[in-house]
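**Student:**
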Amino acid sequence: MEQFKVIAFTHKQLDIADIGKLHLADDQYSQQLHNLKQHFQLEELMFLSTCNRVEFFIVNSTNAEHISPSELLMVFAPHINSALLTHLSHNAIQYENEGAIKHIFKVASSIDSLVLGEREIITQVREAYERCASNGLCGDMLRIIIKQTINCAKQVYTETNIARNPVSIVSLAFNQLKEIGVNASASVVVVGSGVTNSNMVRFMKKFGVTNFHIFNRTLANAQKLANEVNGKAYPLSELSKFNKGFDVLLTCTGATETIITKAQYAILLSGSKNAKTVVDLAVPNDFDTDILNEHNVNLIEVKSLQQLAQQNIAKREKELGSCKKIIHENIAAFEQLYKTRKIELAMREVPRKVKEIRNNAVNSVFAKDLEQLDEQSREVLNKIIDFIEKKYISVPMIMAKDILLEEIN
Numbered sequence: 002m003e004q005f006k007v008i009a010f011t012h013k014q015l016d017i018a019d020i021g022k023l024h025l026a027d028d029q030y031s032q033q034l035h036n037l038k039q040h041f042q043l044e045e046l047m048f049l050s051t052c053n054r055v056e057f058f059i060v061n062s063t064n065a066e067h068i069s070p071s072e073l074l075m076v077f078a079p080h081i082n083s084a085l086l087t088h089l090s091h092n093a094i095q096y097e098n099e100g101a102i103k104h105i106f107k108v109a110s111s112i113d114s115l116v117l118g119e120r121e122i123i124t125q126v127r128e129a130y131e132r133c134a135s136n137g138l139c140g141d142m143l144r145i146i147i148k149q150t151i152n153c154a155k156q157v158y159t160e161t162n163i164a165r166n167p168v169s170i171v172s173l174a175f176n177q178l179k180e181i182g183v184n185a186s187a188s189v190v191v192v193g194s195g196v197t198n199s200n201m202v203r204f205m206k207k208f209g210v211t212n213f214h215i216f217n218r219t220l221a222n223a224q225k226l227a228n229e230v231n232g233k234a235y236p237l238s239e240l241s242k243f244n245k246g247f248d249v250l251l252t253c254t255g256a257t258e259t260i261i262t263k264a265q266y267a268i269l270l271s272g273s274k275n276a277k278t279v280v281d282l283a284v285p286n287d288f289d290t291d292i293l294n295e296h297n298v299n300l301i302e303v304k305s306l307q308q309l310a311q312q313n314i315a316k317r318e319k320e321l322g323s324c325k326k327i328i329h330e331n332i333a334a335f336e337q338l339y340k341t342r343k344i345e346l347a348m349r350e351v352p353r354k355v356k357e358i359r360n361n362a363v364n365s366v367f368a369k370d371l372e373q374l375d376e377q378s379r380e381v382l383n384k385i386i387d388f389i390e391k392k393y394i395s396v397p398m399i400m401a402k403d404i405l406l407e408e409i410n
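Take 2 as the starting number for the sequence shown in my numbering and just add one per residue.
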């Protein structure tokens with residue numbers, strides 16, 4: 002078997018900010034990876050880069066096991082200082098051959114993820130392979146590895162409940178919002194346009210909500226999100242003047258004190274006595290909970306969502322046994338696939354060799370004898386040779402595969 006090795010820098014051992022130093026800009030991608038492949042004379046190379054991990058998948062028939070994390074980084078990332086290089090190298094994880102196969106199966110199945118059961122990783126693995134393949138970095142070995150990897154991950158996601166109980170705060174908040182019964186015509190006031198609120202607003206847009214009023218300290222950031230969801234942007238300073246009413250208040254800022262005070266909430270109500278829904282995803286809270294004593298509010302907040310997230314994480318963890326069984330079965334399937342493919346590659350010379358023998362026999366060895374035959378005899382002889390040629394090509398391949406299957410069984 003070719004040496005298959007993985008060198009991984011992940012959230013398990015390293016700070017995400019340090020992992021970020023290994024990300025590649027688009028204009029550096031192809032040249033940087035080709036330099037790495039050429040320097041170590043690698044047969045195949047795949048590069049996986051997400052916010053929580055950077056991994057190198059290496060295929061080589063000779064010296065893959067001798068490539069150390071520090072050697073790899075000195076070539077791949079010469080810009081990082083020696084202290085960081087040492088830190089990254091000492092905290093890298095290495096896998097080889099079957100261990101490397103098992104690792105990539107676990108990664109794509111989210112077993113190795115920061116958030117157990119997150120489906121995005123299967124897409125990230127597939128896209129990483131496709132990008133490397135399109136840049137001429139991958140070959141046949143990585144092709145069959147990734148094919149089996151994707152099959153394994155799909156099986157994990159469809160045959161277990163590993164991804165069926167949401168654990169992200171945004172997903173949980175959105176689910177609760179739907180349970181409360183918020184409809185597509187709701188008027189939504191959004192305070193803050195950071196990552197959390199942006200993701201929440203995108204969920205709501207997909208649900209059909211279109212009436213967004215987005216407030217942010219930096220108006221340009223509010224405008225950017227408003228453009229994305231066809232909403233209206235305001236500077237945060239205008240929140241105290243907003244009197245158009247609302248059905249849902251979504252807030253998540255970095256403020257250290259409450260932003261939605263009793264006075265501010267009264268302004269936002271604009272005289273309405275109807276029940277409102279407040280989604281406060283800030284830590285600490287943006288919403289003054291004393292308001293609950295005076296107004297009819299359905300409050301969705303981080304504290305209760307975190308408790309639900311922990312319950313769902315526990316449910317996902319119960320699926321690990323089933324996931325590992327599927328991964329084990331797919332490792333065995335890959336070993337069979339790999340052996341079969343090796344036979345196919347080894348036997349692909351057979352057709353060429355058989356045709357070469359035929360041409361030599363017809364055009365050289367028996368050329369004079371064939372000249373003595375009449376047209377009908379030549380036609381019959383050619384049919385016989387064609388028949389024998391096809392059998393000589395197919396029979397060895399069938400026999401080799403049968404022998405392989407007997408060994409496996």
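Ideal Cβ positions, reconstructed from N, Cα and C, are used throughout, including at glycine.
If you're wondering where the values come from, they're calculated on a predicted model, not measured in any experiment.
What would DSSP say about S50, mapped onto helix, strand or coil?
**Tutor:** Here S50 sits in strand by DSSP.
**Student:** So, at 8 Å on beta carbons, what are the nonlocal neighbours of Q33 in its own chain, with the 5 sequence-adjacent residues on each side left out?
**Tutor:** Hits under 8 Å: L25, F77.
**Student:** Tell me the DSSP bridge mates of H214?
**Tutor:** Looking at the DSSP assignment, H214 forms a beta bridge with V190, K233.
**Student:** Using DSSP bridges, identify the partner residues of I59.
**Tutor:** I59 is bridged to K6, L46.
**Student:** Taking the alpha helix (DSSP H) that L73 falls in, what are its first and last residues?
**Tutor:** First-last of the alpha helix (DSSP H) with L73: 70-77.
**Student:** Measure the Cβ-Cβ separation of M201 and E45 and say whether it is below 7 Å.
**Tutor:** No, the Cβ-Cβ distance between M201 and E45 is not below 7 Å.
**Student:** Of all the options A129, I94, A93, which has the alpha carbon lying nearest to the alpha carbon of S31?
**Tutor:** Taking only the C-alpha atoms, the option nearest S31 is A129.
**Student:** Rounded to a whole number of angstroms, what is the C-alpha to C-alpha distance between F208 and S194?
**Tutor:** When rounded, the distance between both Cα atoms is 19 Å.
**Student:** Please confirm if the segment 316-334 is in contact with the segment 157-166, defined as three or more CB-CB distances below 8 Å between the two stretches.
**Tutor:** Enough Cβ pairs lie closer than 8 Å, so yes.
**Student:** Would you check if the segment 146-155 and the segment 118-126 touch, i.e. whether three or more CB-CB distances between them fall below 8 Å?
**Tutor:** Counting Cβ pairs under 8 Å, three or more are found: they touch.
**Student:** For M75, collect the residues of the same chain with a Cβ closer than 8 Å to its Cβ; drop the 5 residues on either side in sequence, then sort them by chain order.
**Tutor:** L86.
**Student:** Taking C-alpha atoms, which residue in N61, D28, R379, M348 lies nearest to V7?
**Tutor:** For the residues N61, D28, R379, M348, the minimum Cα distance to V7 belongs to N61.
**Student:** Can you tell me whether DSSP reads F243 as helix, strand or coil?
**Tutor:** DSSP places F243 in coil when its eight states are reduced to three.
**Student:** Are three or more beta carbon pairs between the segment 309-318 and the segment 163-183 nearer than 8 Å?
**Tutor:** Contact holds: three or more Cβ-Cβ distances are below 8 Å.
**Student:** Let's see if you can read the secondary structure: which residues bound the beta strand (DSSP E) around D281?
**Tutor:** Counting along the chain, the beta strand (DSSP E) containing D281 begins and ends at 277-281.
**Student:** Would you identify the three-state DSSP class for Q312, choosing helix, strand or coil?
**Tutor:** Looking at Q312 - three-state DSSP - the assignment turns out to be helix.
**Student:** If the criterion is Cβ atoms closer than 7 Å, does the pair A109 and A154 meet it?
**Tutor:** Yes; because the gap between Cβ atoms is below 7 Å, this pair is in contact.
**Student:** Taking C-alpha atoms, which residue in H67, I68, H88 lies nearest to L23?
**Tutor:** Considering only alpha carbons, the answer is H88.
**Student:** So is E376 buried or exposed if we call it buried at 16+ other beta carbons inside 10 Å?
**Tutor:** E376 should be labelled exposed.
**Student:** Between A93 and P70, which are expected to be in contact by the criterion C-beta below 8 Å, what is the C-beta distance as a whole number of angstroms?
**Tutor:** That belief holds up - the Cβ atoms of A93 and P70 are roughly 4 Å apart, short of 8 Å.
**Student:** May I ask you to list the residues that DSSP assigns as paired with V298?
**Tutor:** Paired residues: K277.
**Student:** Using DSSP with H/G/I as helix, E/B as strand and the rest coil, what is F388?
**Tutor:** F388: helix per DSSP, three-state reduction.
**Student:** For S199, which residues of its own chain have a beta-carbon under 7 Å away from its beta-carbon, when the five flanking residues on both sides are left out?
**Tutor:** Closer than 7 Å at Cβ, skipping near neighbours: L226.
**Student:** Would the segment 240-255 and the segment 209-225 be scored as touching if the rule is three or more Cβ pairs under 8 Å?
**Tutor:** With the cut-off at 8 Å, the segment 240-255 and the segment 209-225 touch.
**Student:** Entirely within the segment 305-370 and at least 4 residues each: give me those alpha helix (DSSP H) ranges in chain order.
**Tutor:** Entirely contained in the segment 305-370, the alpha helix (DSSP H) runs reaching 4 residues are, in chain order, 321-348, 350-361.
**Student:** Leaving out five residues on either side along the sequence, give the residues of the same chain with a beta carbon under 8 Å from the beta carbon of S90.
**Tutor:** Counting only Cβ-Cβ distances below 8 Å, and skipping sequence neighbours, we find S69, P70, S71, L74.
**Student:** Within the 7 Å Cβ cut-off, does N244 reach chain C?
**Tutor:** Checking the listed chains, one finds no chain C in this structure; it contains a single protein chain.
**Student:** Grouping DSSP H, G and I as helix and E and B as strand, with all else coil, what is V249?
**Tutor:** In this structure, V249 counts as strand in the three-state DSSP scheme.
**Student:** Between which two residues does the beta strand (DSSP E) carrying Q95 extend?
**Tutor:** From DSSP, the beta strand (DSSP E) with Q95 extends over 94-97.
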